[in-house]
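Chemist:
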Amino acid sequence: MTDQSSQTPDKKPTYYSGSEKTGESYSLEELDAVRNCMVVFAIAAKNYPLYPKDHAITENLLIRFKNSLANFFKISPILKLNIEKERILFKAVEVYHSSEREDPLVTPFFRDGIIWIEFKEGVQNTELSSLLQSLNDYRILKVESEGDLVTSLWKQELPHINYEAIEIYWEIEPKLDFSQYNVSAAPNEEAPDPLSSGGSGPGQGQQDGVEDVRDQSAISIASAEEVEELTQITSEEKENVQQMIIEDEKRNHTEDILDVLLILLEDEKESEPFGSILEILTQEFETILNHGEFHLAFKLLDHLIKLARLKPAQKPWQVPVLDKFFETVSKPEFLFGLNVHVPKLKSEDTSQLKILRQVLTMMRPKVVLTLGPLLSNVLSSEVRRILMEVIVILSKKDMNPLDELLKFPDEKRSQQFVVILGHLNNEQSHKKLLSLARHPSFRVRRDALKQLLKSNGKVQQSFFFMIEDPSDSIRLEVLNLLAAERDRGSESLLLKYLSEKAYTLFDRDHIMTCYKTLGRCGSLRSLAYLKEALQGRPWTDIFNPSQDFHRLGAALALAELDLPETDEILQKAARSFFPQIKRAAQSVYFGK
Amino acid sequence: MNDMQDDNNTTHQKKHTLLSENLFAAFNKLVQTVRIYRDNNQQVIQSAEGFINAVNRFSEEESHLTIQIISDRFYLQQEKLIYHREMSKLINNALDYFEKRDLFGLEISATIHRKDSRQVILFAQLLNNAENHKDPTVWLEDQTSRRDLSWVRIIPKPDETEKSQDEEASGSLTITMESITGGQEERAVKNAKMTYACAMASLNEVIDKVSNDRPAGIRKTVRTVQKMVDLVIDRRSILLKLSTLRSHDDYTYTHSINVAILAMCLGLHIGLSKNALETLGICGLFHDLGKADIPLKILNKEGKLTELEYKEIQKHSLKSVYHIAKLRAPRELRSKIMLAPFEHHLRYDLTGYPHSWRHKPVSLFGRILTIVDVFDAITSQRIYRPKAISPDQALSMMVENSGKDFDPILLKAFINMLGVYPVGTLVKLNTGEIGLVKENSHERGSTHPLVLLLTPQDNGGYLAGETIDLSESEGPGDKKIRRIVETDSPAIFGIQPAEFIL
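Chains as they are written, first to last, in the numbering used here: chain P, 1 to 592; chain X, 1001 to 1502.
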């Protein structure tokens, strides 16, 4: 080969012989353009997998690749590259050498038997993108792969990229030798007279499954009177065929595969293949949800539930296997499709929502792990309602998934869970509500209180702590509820709270309100304590200044109690020798 | 800028498609109106002008417009004709029109725009009349020359050129078209045979793995099927001939491959896309995978099966589905190749098996497989079917069940594709000679195939003789007209048709 480095460019291109063997020639300009193409091609192949298709870098890679080819096409309309192990040649000149063992460019080409590839003028970005995608998809070949670079390129529309692949999968190239095949069942028997009569009897050929296509007449179709009619397709028939093709292209293969696998499953009598089919159905279920085909999900789960109920005694092994299936498909990793499709549903999609509800309730409670977080992404109140309903139904079976979610509750989610817990209405849900009643968020606490009150509308001891809630409005609500009517339970709670000084909130106004509330809900039972709080141990006030406002609170409570006895106590207190007692009682009177 | 270039290319492609479609529409209109009306009819004149305009628009920057048929496809200016689906009927009509006249192509000069429309009308009349002549292209060439239609050149079919060139250049070292295309044909046959062998080997591998419950990938199968699709598109006749291969010992393999070939050929015949043919081919190859689980003593039982044995046989469709489901294949592909094997014994009227709650009509691929599966099965000799049925009789029997077992239109399309004497049929002629149908299509005349004569040998074998065209009105030498009097399955006589006709 000529030493190219010693050449100086002329006005006319100088042509070099690429190989004596091939006799191909090229110009320096051509070679430079090819080398440039190869540099860009290699960069593109290496970087293509790193970014999404619509990323600016990917688009730039394609533009550069196409530009480099366009530069070459100014010289020649076709760029043909020959692939060899670890290198690429242009007219027998090496223009690329692999830089690593698993080169993203040469390795897949060479490994899959592509011996040359050519780019023609007019090549489109989409074609280059498909090529790079295929190179990336089959960069590393799995042992039992579903395809390779060649099969992938074959499927693409690449009018401006040609290639040739050789057979590389067979150590010894398979050959077809007709002499190896015996056409007849009894080759050594004497051949019958040509065209002698005979034929297969009825029922013969069942082994092929074609037993009913019998030797009815054994006449040639050519002898049929209407032979033309039998062979010539009318334009109407042609149209029908075209329609068949169009309909087939629209076919929902997911539904077909589901039907077929379910029939297969129902027919299966052994546990191992039964399990294998269910494994495939697990993947199908995931795909179905990814497509948002809830009606198919329903079909699948409904069939499986019926199957589990059907003759369980005959196939006792199928129940645990089916159980495992339901457990598996209820895990969040299989339910990605719900996150995509459920938020898109609208309140008016009634039939879809109905099916979705049915599907979800057929699943295991683990599905709550997916539905919980989903609640925040759903805009439609109807969809949210359905999801919450499902969570309630499933959590009644098993609270653990909901528990799991409640470990790290944010404000929005907690608010939703509060509603769910309220509906659950059991001991466990009550506990969870109590814990949410201490949530840092005011809204969550407020909603929790609402749910806690749902059972009988009264403040219970379990959430009496909310009387000290950081929020004024919640405290006030609790106190208002306590004050709503004379109630022994409320009285006991408040009496205990005040008499045992159980409060942790040292706020004068709060305690005053508590006394007032006690007065409103209380009865004679509180009288002794209030009398004592008003009149007791007056000489110790010097050491306990807070006693002063307790006297006032007690006076207020007594006034609210509004019993004949209270008036007497207050009047007596108003005339007390001790000024602090007198002051407390009189302030109530003045207040009146 | 690159986007702009892309846009330009797309625009060019769209424009090319539009012009091509206009051209064929104009051509079709021209030959139809000329056939119906007189020369001076306004519609005829308008259609001639329309044709001139269509050619002009197409060849604005070129000196000639070349229309050629290569592998059953039109090429305009060396570019494969791409057209919209709704144009397929019109394009197919044009293909039929060209083929009936043995026309390989036309070269129309851009000077057509200077010609009188009467010249175009005259040419259309000649084209229409050519059909009635024995050698239409030779007659057309002669007529165009005599009538000074210099703006158009007839491109005959390559084999015609080859023939004449070969006759002229016999004994010389000149490289004729025949030596080129003959070499191509030889290479294509070799390639087809290798592809068939690869299909056997890959199917063998898959069956071996699935019957041993090992994971099976389908890379080799997909690659082989893709090659088969390419061959079906480019060399359908070679593959059809290969599909006559019968093997008693490797029946499941040859049957599956034959089913795949026949299905793809029928698929192409009705206009399926390349990718759909690939899927259909894989369905064909795998439709009987489930037979790997059926005991051989049942599969190869001589005589009628017991009820239990037949039930066992019936399981194979579902078992095929099971094995396909377990293949290491992309989910999308797997979902497309399960249904047809499930349905291939279901029958068009759903009275077959497997029996299930699914009552949806059989899919297109399922209907195709049903037809080709039965055809290949009943034309194969088996221990339980000692007298295989000849292909033409098989078609006749299948017609009896049209609308019940088989989709009537697809069955018709199948017969239309194979001809009434399908390739590989053993025929007995009125002259006492026997032979194998070598080529047959409805274009040739449905009852007049090309037949390769066979001469029986003392050792029980046969020797290939000359190929005769039954559409010729006279036989050689004795002037006797040859016609088919009987047919049979070549398998019965130990004849492997593919060995002779390829």
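For glycine and all other residues, C-beta sits at the position ideal for the given N, C-alpha and C.
Remember, it's a predicted structure, so these values are computed and weren't measured experimentally.
Answer yes or no: does any C-beta atom of chain P fall closer than 7 angstroms to that of residue 1342 of chain X?
Modeler: As a working note, residue 1342 of chain X is residue 342 in the second sequence. Closer than 7 angstroms: yes.
Chemist: List the DSSP bridge partners of residue 97 of chain P.
Modeler: Working through the first sequence from its first residue, we reach residue 97 of chain P at position 97. Beta-bridge pairing links residue 97 of chain P to P/87.
Chemist: Answer with yes or no whether the minimum CB distance from residue 1494 of chain X to chain P is below 7 angstroms.
Modeler: On the second sequence, position 494 is the one that residue 1494 of chain X refers to. Residue 1494 of chain X counts as touching chain P.
Chemist: Take residue 318 of chain P and list the residues in its own chain whose beta-carbon comes closer than 8 angstroms to its own, dropping the five residues that flank it on each side.
Modeler: Taking the first sequence and counting its residues from 1, the one referred to as residue 318 of chain P is at position 318. For residue 318 of chain P, where only same-chain residues beyond five positions count, the Cβ hits under 8 angstroms are 271, 274, 307, 308, 312.
Chemist: Distance cutoff 7 angstroms, beta carbons only. Does residue 220 of chain P sit that close to anything in chain X?
Modeler: Taking the first residue of the first sequence as 1, we reach residue 220 of chain P at position 220. Judged by the 7 angstroms Cβ criterion, residue 220 of chain P is in contact with chain X.
Chemist: Would the segment 1245-1254 of chain X count as touching the segment 1314-1330 of chain X if we require 3 or more Cβ pairs under 8 angstroms?
Modeler: The segment 1245-1254 of chain X vs the segment 1314-1330 of chain X: no contact.
Chemist: As a quick exercise: from X/1103, X/1097, X/1449, pick the residue whose alpha carbon is nearest that of residue 1066 of chain X.
Modeler: Taking the second sequence and counting its residues from 1, the one referred to as residue 1066 of chain X is at position 66. It is X/1103 whose Cα lies nearest to the Cα of residue 1066 of chain X.
Chemist: Using the beta-carbon of each residue, which ones in chain X are nearer than 7 angstroms to residue 304 of chain P?
Modeler: Here the question's residue 304 of chain P lines up with position 304 in the first sequence. Within 7 angstroms Cβ-Cβ: nothing; residue 304 of chain P doesn't reach chain X, min ~14 angstroms.
Chemist: Per DSSP, what kind of secondary structure is residue 508 of chain P in: helix, strand or coil?
Modeler: Within the first sequence, the letter at position 508 stands for residue 508 of chain P. Helix, per DSSP.
Chemist: If you follow the beta strand (DSSP E) that residue 501 of chain P is in, where does it begin and where does it stop?
Modeler: Along the first sequence, read from residue 1 onward, the residue named residue 501 of chain P stands at position 501. Element bounds for residue 501 of chain P: n/a, residue is neither H nor E.
Chemist: Looking at residue 521 of chain P and residue 491 of chain P, is the spacing between their C-beta atoms short of 7 angstroms?
Modeler: Within the first sequence, residue 491 of chain P is the residue found at index 491, counting from 1. Within the first sequence, residue 521 of chain P is the residue found at index 521, counting from 1. A contact, by the Cβ cut-off of 7 angstroms.
Chemist: Answer with buried or exposed for residue 1215 of chain X, where buried requires no fewer than 16 other C-beta atoms within 10 angstroms of its C-beta.
Modeler: Counting from 1 along the second sequence, the entry for residue 1215 of chain X is found at position 215. Counting Cβ neighbours within 10 Å, residue 1215 of chain X comes out exposed, since fewer than 16 surround it.
Chemist: Please classify residue 120 of chain P: does DSSP put it in a helix, a strand, or coil?
Modeler: Counting from one through the first sequence, the residue named residue 120 of chain P turns up at place 120. Strand.
Chemist: Run through chain X and tell me which residues come within less than 7 angstroms of residue 154 of chain P, C-beta to C-beta.
Modeler: Numbered from 1 along the first sequence, position 154 holds the residue referred to as residue 154 of chain P. Under the 7 angstroms cutoff, chain X gives 1226.
Chemist: Find the residues of chain P that neighbour residue 1472 of chain X, judging by a C-beta separation of less than 7 angstroms, and give them in chain order.
Modeler: Stepping through the second sequence from its first residue, residue 1472 of chain X is reached at position 472. Within chain P, no residue comes near residue 1472 of chain X; the closest Cβ sits about 18 angstroms away, beyond 7 angstroms.
Chemist: What are the complete alpha helix (DSSP H) segments, minimum 4 residues, inside the segment 1084-1135 of chain X?
Modeler: DSSP runs (the alpha helix (DSSP H)) wholly in the segment 1084-1135 of chain X: 1088-1100, 1117-1130.
Chemist: Under 7 angstroms between beta-carbons, which chain P residues line up against residue 1287 of chain X? List them in chain order, please.
Modeler: One-based indexing of the second sequence puts residue 1287 of chain X at position 287. The contacting residues do not exist; residue 1287 of chain X stays about 11 angstroms from chain P at best.
Chemist: Give me, in chain order, the residues of the same chain whose beta-carbon lies closer than 7 angstroms to that of residue 1486 of chain X; leave out the 5 immediate sequence neighbours on both sides.
Modeler: Here residue 1486 of chain X refers to the residue found at position 486 when the second sequence is read from its first residue. Cβ neighbours of residue 1486 of chain X beyond the five flanking positions: 1428.
Chemist: Which residues in chain P sit within 8 angstroms of residue 1330 of chain X, going by Cβ to Cβ distance?
Modeler: Position 330 of the second sequence, counted from the first residue, corresponds to residue 1330 of chain X. Here the neighbours are 146, 147.
Chemist: Comparing C-alpha positions only, which one of X/1132, X/1019, X/1303 sits nearest to residue 1387 of chain X?
Modeler: For the purposes of this step, residue 1387 of chain X is taken as the residue at position 387 of the second sequence. Of the candidates X/1132, X/1019, X/1303, the one whose C-alpha sits nearest the C-alpha of residue 1387 of chain X is X/1303.
Chemist: Terminal residues of the continuous beta strand (DSSP E) containing residue 1077 of chain X?
Modeler: The count along the second sequence starts at 1 and reaches residue 1077 of chain X at position 77. First-last for residue 1077 of chain X: undefined, no H or E at that position.
Chemist: Which residue from P/166, P/58, P/291 puts its Cα closest to that of residue 342 of chain P?
Modeler: As a working note, residue 342 of chain P is residue 342 in the first sequence. With distances taken between Cα atoms, residue 342 of chain P lies closest to P/291.
Chemist: Do residue 564 of chain P and the ligand ADP come close, with the Cβ less than 6 angstroms from some heavy atom?
Modeler: The ligand ADP is not part of the structure shown, which contains no ligands of any sort.
Chemist: Check whether the Cβ atoms of residue 1392 of chain X and residue 220 of chain P lie closer than 7 angstroms to each other.
Modeler: As a working note, residue 1392 of chain X is residue 392 in the second sequence. As a working note, residue 220 of chain P is residue 220 in the first sequence. Yes, Cβ-Cβ distance for residue 1392 of chain X and residue 220 of chain P is below 7 angstroms.
Chemist: At which residues does the beta strand (DSSP E) containing residue 1070 of chain X begin and terminate?
Modeler: Position 70 of the second sequence, counting from 1, holds the residue named residue 1070 of chain X. Element bounds for residue 1070 of chain X: 1064-1070.
Chemist: Between the C-alpha atoms of residue 495 of chain P and residue 397 of chain P, what's the straight-line distance to the nearest angstrom?
Modeler: As a first step, residue 495 of chain P is located in the first sequence; it is residue number 495 there, counting from the start. As a first step, residue 397 of chain P is located in the first sequence; it is residue number 397 there, counting from the start. If I take the Cα positions, the gap works out to 40 angstroms.
Chemist: Using the beta-carbon of each residue, which ones in chain P are nearer than 8 angstroms to residue 1271 of chain X?
Modeler: Taking the second sequence and counting its residues from 1, the one referred to as residue 1271 of chain X is at position 271. The answer, in chain order, is 241, 242, 245.
Chemist: Scan the segment 1301-1355 of chain X and note each continuous beta strand (DSSP E) run of 3 residues or more that stays entirely inside, going in chain order.
Modeler: You should have found no qualifying run.
Chemist: Please tell me whether residue 255 of chain P and residue 296 of chain P are closer than 7 angstroms, where the distance is taken between their beta carbons.
Modeler: The count along the first sequence starts at 1 and reaches residue 255 of chain P at position 255. The count along the first sequence starts at 1 and reaches residue 296 of chain P at position 296. Going by C-beta atoms, residue 255 of chain P is nearer than 7 angstroms to residue 296 of chain P.
Chemist: Compare the beta carbon distance of residue 556 of chain P and residue 531 of chain P with 7 angstroms and say whether it is the shorter of the two.
Modeler: By one-based count along the first sequence, residue 556 of chain P stands at place 556. By one-based count along the first sequence, residue 531 of chain P stands at place 531. Contact flag unset, no.
Chemist: Would you kindly check if the distance between the Cβ of residue 1257 of chain X and the Cβ of residue 1199 of chain X is under 7 angstroms?
Modeler: The count along the second sequence starts at 1 and reaches residue 1199 of chain X at position 199. The count along the second sequence starts at 1 and reaches residue 1257 of chain X at position 257. It is a contact, given that the beta carbons lie within the stated cut-off.
Chemist: Check whether the Cβ atoms of residue 1365 of chain X and residue 1340 of chain X lie closer than 7 angstroms to each other.
Modeler: The sequence position of residue 1365 of chain X within the second sequence is 365, counting from 1. The sequence position of residue 1340 of chain X within the second sequence is 340, counting from 1. Result yes, Cβ atoms of residue 1365 of chain X and residue 1340 of chain X sit closer than 7 angstroms.
Chemist: Need the endpoints of the beta strand (DSSP E) that residue 35 of chain P sits in, please.
Modeler: Counting from 1 along the first sequence, the entry for residue 35 of chain P is found at position 35. Careful: residue 35 of chain P lies outside any beta strand (DSSP E), inside the alpha helix (DSSP H) at 28-47.
Chemist: Starting from residue 165 of chain P and walking both ways along the beta strand (DSSP E), at which residues does that stretch end?
Modeler: Here residue 165 of chain P is taken as the residue at index 165 of the first sequence, counted from 1. That run of the beta strand (DSSP E) goes 161-165.
Chemist: If you follow the alpha helix (DSSP H) that residue 348 of chain P is part of, which residue opens it and which one closes it?
Modeler: Within the first sequence, residue 348 of chain P is the residue found at index 348, counting from 1. From DSSP, residue 348 of chain P is part of no alpha helix (DSSP H); its letter is neither H nor E.
Chemist: Where does residue 51 of chain P sit, in a helix, a strand or coil, going by DSSP?
Modeler: Along the first sequence, one-based indexing puts residue 51 of chain P at 51. The answer is coil: DSSP assigns residue 51 of chain P none of H, G, I, E or B.
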